[in-house]
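Enquirer: Residue numbers (the numbering used here): 2 to 234.
The beta carbon of each residue, even a glycine, is placed where N, CA and C say it ideally should be.
Just so you know, these numbers come straight off a predicted model, no measurement behind them.
Sharing a structure with you now.
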């Protein structure tokens, strides 16, 4: 049975949503309802997974690709600053690292170069973390509906399906191509949730590795499971 939002001591009363005890209700209520929980979390029926740093060991590779792209266009940005922005799409990452006029005048050109550079140099090095497919198989066997949601471009997402070998186990996917704004805005997770169909945000968990995943999920009303495998500093 789902627990209250925080751990409480056992009192002779009824748990409230915040974990406090309603003693008056306990005195006047039936014994059967004495330990009733007023608010319960809905059953989790779906899970939406981020990819980079969550399912695929690619964060460092993306950081290198962006740093080398910026250098190509005449901007030397320290690796650590670039890496701290990985998890955002280019529309959110570039304004955090480049002058506004550069993003305005050359942003599309820079992002296109980065995409081609990444696919040519680094995508062949991408590896899934161990047991990703086995995890998805177990979740499916448990009745969970699964989706992928990434700030990557659509063509990169197709490659990740091959790398993770979970394409036949998911019901939906969304990329930065499907959203007006990438993470930490909620658009990508909202798109994935909509494509799952029939599930409310409180019936789904997002699994990600950066604060940008957690922020985007929270804005969409979805709870988050945070992973450390992406190496967030």
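Between 83, 167, 187, 119, which lies nearest to residue 156 when the distance is taken from Cα to Cα?
Expert: 119
Enquirer: So for residue 220, helix, strand or coil by DSSP?
Expert: helix
Enquirer: For a test of the three-state rule: what should DSSP assign to residue 196, helix, strand or coil?
Expert: helix
Enquirer: Straight-line CA distance for residue 78 to residue 71?
Expert: 7 Å
Enquirer: Count the CB pairs spanning the stretch 90-101 and the stretch 163-175 that are closer than 8 Å, and state whether there are at least three.
Expert: Because the criterion of three Cβ pairs below 8 Å is not met, the stretch 90-101 and the stretch 163-175 do not touch.
Enquirer: Please go through the same chain and pick out, in chain order, the residues whose beta-carbon is closer than 6 Å to the beta-carbon of residue 203, but skip the five residues on each side of it.
Expert: 43
Enquirer: Which residues does DSSP list as the beta-bridge partners of residue 225?
Expert: Paired residue(s): 207.
Enquirer: What is the rounded straight-line gap between the Cα of residue 1 and the Cα of residue 148?
Expert: Not covered by the structure: residue 1. The range shown for the chain is 2 to 234.
Enquirer: Pick helix, strand or coil for residue 77, following the three-state DSSP scheme.
Expert: Residue 77 falls in the coil class under three-state DSSP.
Enquirer: Would the stretch 98-110 count as touching the stretch 203-212 if we require 3 or more Cβ pairs under 8 Å?
Expert: no
Enquirer: Find the nearest neighbour of residue 96 within the set 183, 62, 138, 133, judged by alpha-carbon distance.
Expert: 183
Enquirer: At 4 residues or longer, and completely inside the stretch 154-185: list those alpha helix (DSSP H) runs for me, N to C.
Expert: 155-165
Enquirer: Give the range of the alpha helix (DSSP H) segment to which residue 45 is assigned.
Expert: Looking at the DSSP string, residue 45 is not in any alpha helix (DSSP H), and its letter there is neither H nor E.
Enquirer: Kindly indicate which residue of 114, 102, 48 has the alpha-carbon position closest to the one of residue 67.
Expert: Nearest to residue 67 by C-alpha distance, out of 114, 102, 48, is 114.
Enquirer: Would you check if the distance between the CB atom of residue 88 and the CB atom of residue 211 is smaller than 8 Å?
Expert: A distance below 8 Å separates the beta carbons of residue 88 and residue 211.
Enquirer: At a cut of 8 Å, does the stretch 80-87 reach the stretch 185-202 through at least three beta carbon pairs?
Expert: In this structure the stretch 80-87 does not lie against the stretch 185-202, because fewer than three pairs of beta carbons, one per stretch, are closer than 8 Å.
Enquirer: At what residue ranges does the stretch 106-161 contain a whole run of the beta strand (DSSP E), taking only runs of 3 or more?
Expert: 146-150
Enquirer: Residue 98 to residue 158, Cα distance in whole Å?
Expert: Rounded to whole angstroms, residue 98 to residue 158 spans 24 Å at the Cα level.
Enquirer: Would you identify the three-state DSSP class for residue 233, choosing helix, strand or coil?
Expert: coil
Enquirer: Report the rounded CA-to-CA distance for residue 12 versus residue 41, giving the unit in angstroms.
Expert: At residue 12 the pLDDT is 36, less than 50, meaning the model places this residue with poor confidence; the figure from the coordinates comes in the next sentence. Taking the straight line from one Cα to the other gives about 18 Å.
Enquirer: Helix or strand or just coil, what does DSSP make of residue 214?
Expert: helix
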